[in-house]
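First residue of the sequence shown? That's 68 in the working numbering, and the numbers climb one at a time after it.
Just so it is clear, CB atoms sit at the ideal spot from N, CA and C, and this is done for glycine as well.
Just so we're clear, the structure is a prediction, and the values are computed from it rather than from any experiment.
Contents: one structure, followed by commentary.
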Amino acid sequence: MTDTTVPAPLTTAPTRQPAAGFVYGLMGVIIFSGSLPVTKIGLAGLDANFLSLARAALAGIVAAGLLVLLRPRRPGWRDLPALAVVASGAVVGFPLLSALALRWMPSTHAVVFSGLLPISTAVFGALRGGDRPRASFWLFSCAGAAAIAAYALAPALLRGGVQLAPGDGLMILAVAVCGLAYAEGARLSRHLGGWPVICWALVLSLPLMAPLAWATFPADWQSVPASAWLALGYVTLFSMLIGFFFWYHGLGLGGTAAVGQIQLLQPFCSFGLAALLLGEPVGPAVLGTALVVVLCVAGARRASRRG
68 MTDTTVPAPL TTAPTRQPAA GFVYGLMGVI IFSGSLPVTK IGLAGLDANF LSLARAALAG
128 IVAAGLLVLL RPRRPGWRDL PALAVVASGA VVGFPLLSAL ALRWMPSTHA VVFSGLLPIS
188 TAVFGALRGG DRPRASFWLF SCAGAAAIAA YALAPALLRG GVQLAPGDGL MILAVAVCGL
248 AYAEGARLSR HLGGWPVICW ALVLSLPLMA PLAWATFPAD WQSVPASAWL ALGYVTLFSM
308 LIGFFFWYHG LGLGGTAAVG QIQLLQPFCS FGLAALLLGE PVGPAVLGTA LVVVLCVAGA
368 RRASRRG
């Protein structure tokens with residue numbers, strides 16, 4: 068008689084564990100906090116297009132190796148559209164759009180826009196992942212987003228207009244596509260696992276990213292400073308890969324809306340790194356805005372717990 072027993076997959080759907088989800092999410096946020104300041108360092112010697120494409124291509128090669136060695140559960144055909152969304156938003160969209168935005172703004176200014184990621188993630192989590200936070204959660208989230216908008220628009224208002232700079236528009240678009248990718252990745256992680264999601268997304272994008280990265284490889288690569296190559300290494304291994312291992316696992320364990328709010332803690336870490344690595348000033352307006360959004364995330368996280 069033929070044995071028809073189906074072996075259990077290596078990756079099973081995690082049960083909800085809010086405390087563990089918070090810890091994993093916080094680790095991901097700490098890793099991500101270096102992305103924008105380090106990208107700014109990379110742009111001192113590398114083109115924004117190459118930096119964004121190369122980080123995805125190199126991370127895709129590493130991800131392919133991990134998948135071959137560890138052999139996690141394979142995604143089904145129905146998972147491919149969601150993986151394509153993750154690849155488009157987290158692998159391509161956010162890195163490229165934010166790198167282009169950094170040509171017009173200091174990293175501390177771009178970091179403040181990352182405070183919009185929690186509400187973007189929560190909105191798409193409600194639309195795609197079935198999260199249903201209470202009304203008070205949305206009030207706190209919207210208050211944090213309003214503080215970010217006020218910071219971004221304040222210079223224009225003082226000049227008598229409200230027209231956004233090109234970098235502001237790019238960062239807003241980056242936040243939107245990244246929020247969608249986070250929500251889709253969290254949904255997939257419930258049955259594929261946290262780390263395989265980003266690995267499959269990177270491998271899915273590799274056939275496109277690798278030739279494009281090669282085509283944009285700097286002709287005078289010998290003159291590129293070592294700091295720029297090190298920056299590429301960081302955003303490849305940490306921002307593009309390792310950070311997502313923690314982040315998607317945390318979202319799957321604790322819920323997209325609740326854990327996603329931890330991203331509002333990211334500006335504090337990023338501001339410190341920008342001041343340390345780039346010498347960028349951290350003024351009272353930046354700190355004040357960050358304080359407001361951190362208070363909002365505390366309220367939103369509390370409200371996300373159903374009573």
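What residue ranges within the segment 264-348 form continuous alpha helix (DSSP H) runs of no fewer than 4 residues, ordered along the chain? Correct list: 293-301, 310-321, 323-327, 333-345.
Between the alpha carbons of L308 and V244, how many angstroms are there, rounded? The alpha-carbon atoms of L308 and V244 are separated by roughly 18 Å.
Assigned secondary structure, S100 (DSSP; H/G/I helix, E/B strand, else coil): Collapsing the DSSP output to three states places S100 in coil.
Please determine, among T323, P351, A365, G339, the residue with the shortest C-alpha to C-alpha distance to F191. Check the Cα spacing between F191 and each of T323, P351, A365, G339: the tightest is with T323.
If you measure between the beta carbons of M276 and A124, is that distance less than 8 Å? In contact: M276 and A124 (Cβ atoms closer than 8 Å).
Tell me whether G355 is buried or exposed, calling it buried when 16 or more other Cβ atoms sit within 10 Å of its Cβ. Taking every protein chain shown into account, the CB of G355 has fewer than 16 other CB atoms within 10 angstroms, so this residue is exposed.
Kindly indicate which residue of G112, Q84, F204, P162 has the alpha-carbon position closest to the one of Q289. Answer by Cα proximity: G112.
Helix, strand or coil for A221 per DSSP? In the structure shown, A221 sits in a helix (DSSP, three-state: H, G or I).
Would you kindly check if the distance between the Cβ of S174 and the Cβ of V242 is under 8 Å? No, the pair does not count as a contact, with Cβ atoms beyond the cut-off.
Quick check: what's the CA-CA separation for I97 versus G366? Roughly 21 Å separates the two Cα atoms.
Distance CB(G252)-CB(V153) smaller than 8 Å: Yes, Cβ-Cβ distance for G252 and V153 is below 8 Å.
Where does the unbroken alpha helix (DSSP H) through R368 begin, and where does it stop? The continuous alpha helix (DSSP H) containing R368 extends over residues 351-370.
Using a threshold of 8 Å, state whether the C-beta atoms of F335 and G95 are closer than that. Cβ atoms of F335 and G95: not closer than 8 Å.
Would L164 pass as a contact of L240 if the rule is Cβ separation under 8 Å? Going by C-beta atoms, L164 is nearer than 8 Å to L240.
In angstroms with no decimal places, state the Cα-to-Cα distance between T71 and D114. Unreliable positioning characterises T71 in this predicted model, as indicated by a pLDDT of 43, which lies under 50. The coordinate reading is nonetheless provided below. Approximately 54 Å between the Cα atoms of the pair.
With distances taken between CB atoms, is the gap from A87 to L362 smaller than 8 Å? With respect to L362, A87 sits apart: the two C-beta atoms are not nearer than 8 Å.
Which two residues bound the contiguous alpha helix (DSSP H) that contains L127? Looking at the sequence shown, residue 127 is not Leu but Gly. G127: member of the alpha helix (DSSP H) spanning 115-137, first to last residue.
Are the segment 134-150 and the segment 289-302 touching, with three or more C-beta to C-beta distances below 8 Å? Short answer: they don't touch.
Which residue comes first and which comes last in the alpha helix (DSSP H) that contains D235? Segment 233-259, the alpha helix (DSSP H) holding D235.
Along the chain, where does the alpha helix (DSSP H) containing V158 start, and where does it finish? Per DSSP, V158 belongs to no alpha helix (DSSP H) and is neither H nor E.
By the 10 Å Cβ neighbour count, where 16 or more other Cβ atoms means buried, how is S337 classified, buried or exposed? Around the beta carbon of S337, 16 or more other beta carbons sit within 10 angstroms, so the residue counts as buried.
With the cut-off set at 8 Å, would you say G92 and G246 are in Cβ contact? Not closer than 8 Å, so no.
On a CA-only basis, which of V105, A214, N116 is nearest G339? Give me that one, please. The shortest Cα separation from G339 among V105, A214, N116 belongs to V105.
In the DSSP assignment, find the alpha helix (DSSP H) that holds P185 and state where it starts and stops. If you look at P185, you'll find it in the alpha helix (DSSP H) that goes 184-191.
From A342 to P348, what distance separates their C-alpha atoms? When rounded, the distance between both Cα atoms is 6 Å.
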